[in-house]
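Below: the structure, in structure tokens.
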Amino acid sequence: MPLITVGVNHKTAPVSIRERVAFAPEKMIDALSSLISERKASEAVIVSTCNRTELYCSVEDFTKASDVIAWLGEYHGIALSDLQQYCYTHTDDDSVRHVMRVASGLDSLILGEPQILGQVKSAYAVSQEGSCIGPELESLFQRTFSVAKRVRTDTAIGENPVSIAFAAVSLAQRIFADIRNSTALLIGAGQTIELVARHLKENGIKRIIVANRTLARAEALATELKAEAIMLGEVGDYLSQADIVISSTASQLPIIGKGMVERATAKRRHSPMLLIDIAVPRDIEPEVDEVSDAYLYTVDDLHSVIEENVRARQDAAKAAEQMIEEGVDSYRRVIESRKVSDLIVAFRQSAEAIKNTELEKALKGLEMGQSPEQVVNKLAHSLMNKLIHSPTRYLRDAGADADQHALTIASNVLGIYEEKDN
1 MPLITVGVNH KTAPVSIRER VAFAPEKMID ALSSLISERK ASEAVIVSTC
51 NRTELYCSVE DFTKASDVIA WLGEYHGIAL SDLQQYCYTH TDDDSVRHVM
101 RVASGLDSLI LGEPQILGQV KSAYAVSQEG SCIGPELESL FQRTFSVAKR
151 VRTDTAIGEN PVSIAFAAVS LAQRIFADIR NSTALLIGAG QTIELVARHL
201 KENGIKRIIV ANRTLARAEA LATELKAEAI MLGEVGDYLS QADIVISSTA
251 SQLPIIGKGM VERATAKRRH SPMLLIDIAV PRDIEPEVDE VSDAYLYTVD
301 DLHSVIEENV RARQDAAKAA EQMIEEGVDS YRRVIESRKV SDLIVAFRQS
351 AEAIKNTELE KALKGLEMGQ SPEQVVNKLA HSLMNKLIHS PTRYLRDAGA
401 DADQHALTIA SNVLGIYEEK DN
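In the UniProt record's numbering, the protein residues as written are 1 to 422.
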């Protein structure tokens, strides 16, 4: 059955639209059941993230794409005229190619981001749980996961950090061979610091201290990550305990000055301290870079690293695109071979039916007292005539039409080859 993809993403729709067509996880199975029970699709998987909502469907014919868009608008209470301008549709090979690019991180806001593969796998699992996936999408998604795994394994698409938070943590890992014995002081409690904290936690850092102007906000983040929370005014007291300092606040004036860092490094007995300032305006005075054993990096330093990494990911993406084309071709071969398998089964069933009919006649002949030799000869003659009837008619029609191509194919299929003169 034909495959289609219908959706909106960060490239085609603003967040005001994306948030309106998002599916709550607890409503996903109900939505899939509705889509299928209303005969908009035979099978369906819905991927819904902050950056995209996409419906992958097996349908009766390609005209069903407009029905799926209409269902999406109706389900979320959005006028079709408001939704259509943001939607895109892919069909057949383009649909296969798209889902493979999505799962491999090639269609993401951040090229090569790894989370999307897990999100696609979760969407597939939910569809399985709701019995909304069948042989068409089962084959598609298994092939997709195989291709995405190959992209992750055989290219460097996800190896180089391309977010400020990830780049900051990667820099810390370069300075400190093993951050599992390090303490990080994070100043601020916004989204960037939260991402930094999560990356540090995932990499096994020993201790995290979160400083914020509002203690409650610092405590909320600290509780979630099993960290410590302090007030912004206490930074000077804790600075000497920090191996890594990462700051991102909205302060209009520097929070950490040269004198504060000099006192901290003296208490640390000149053990190195890494300071990363990703705030604009800056949270750390540039003169801190003059302090011995203090290594200061700014957001501009990180941006240069990110730009290099983006270029590296783009190079890897070229190799990944080739793998995806190979995946599309491989999937298409599976589908075409499945069609041939169905044809072979039908052919065998037809032959089986002829055999059974003629065998029944032969057994009746024996019961009526006909000689075994007569029955066997009649059975063989009848079987031969029935089995060669259709090929013979095909050959006669091809010959009458002087269709040499059809005759060549028929001779190959029947295993009959003309002898050529030496």
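Here a beta-carbon is modelled for each residue, glycine too, at the ideal position from N, C-alpha and C.
The straight-line gap separating the alpha-carbon atoms of G327 and V334 is approximately 11 Å. The three-state reading of DSSP puts H90 in strand, counting E and B together. Around the CB of K318, fewer than 16 other CB atoms lie within 10 Å, so the residue is classed as exposed. Distance from the CA of A410 to the CA of S390, rounded to the nearest whole angstrom, comes to 11 Å. Take A362, set aside five residues on each side of it, and the residues of its chain with a beta-carbon closer than 6 Å to its own are V375 and L379, in chain order. Residue pairing from DSSP places S48 in a beta bridge opposite T53. Beta-bridge annotation (DSSP): G7 is paired with E54 and Y88.
When the beta-carbon positions are compared, D283 and S247 come within less than 7 Å of each other. Inter-residue distance for T12 and L221 is about 33 Å (C-alpha atoms, whole angstroms). Secondary-structure assignment with DSSP links R207 through a beta bridge to T183.
Residue state for E43 is assigned as strand, using DSSP reduced to three classes. In the structure shown, the three-state DSSP call for T298 is strand. Shown here for Q115: not one same chain residue has a beta carbon closer than 7 Å to its own, the five before and five after excluded. In this chain, the beta strand (DSSP E) harbouring D277 covers M273 to D277. Apart from the 5 residues on each side of it in sequence, S163 sits with its Cβ closer than 8 Å to the Cβ of I110, L195 and I306 in its chain, given in chain order.
DSSP places M1 in no beta strand (DSSP E); its state is neither H nor E. Excluding its 5 nearest sequence neighbours in each direction, E262 has C-beta neighbours in its own chain below 7 Å: V291, listed in chain order. For the 7 Å CB-CB criterion, R20 and I78 form a contact. In the three-state DSSP reduction, A79 falls in the coil class, being neither helix nor strand.
Taking the CA atoms as reference points, Y297 sits about 38 Å from K121. Within its own chain, the residues whose Cβ lies closer than 7 Å to the Cβ of A123, once the five positions on either side in sequence are excluded, are V45, I46 and V47, listed in chain order. One alpha carbon belongs to E285, the other to T144, and they sit about 49 Å apart.
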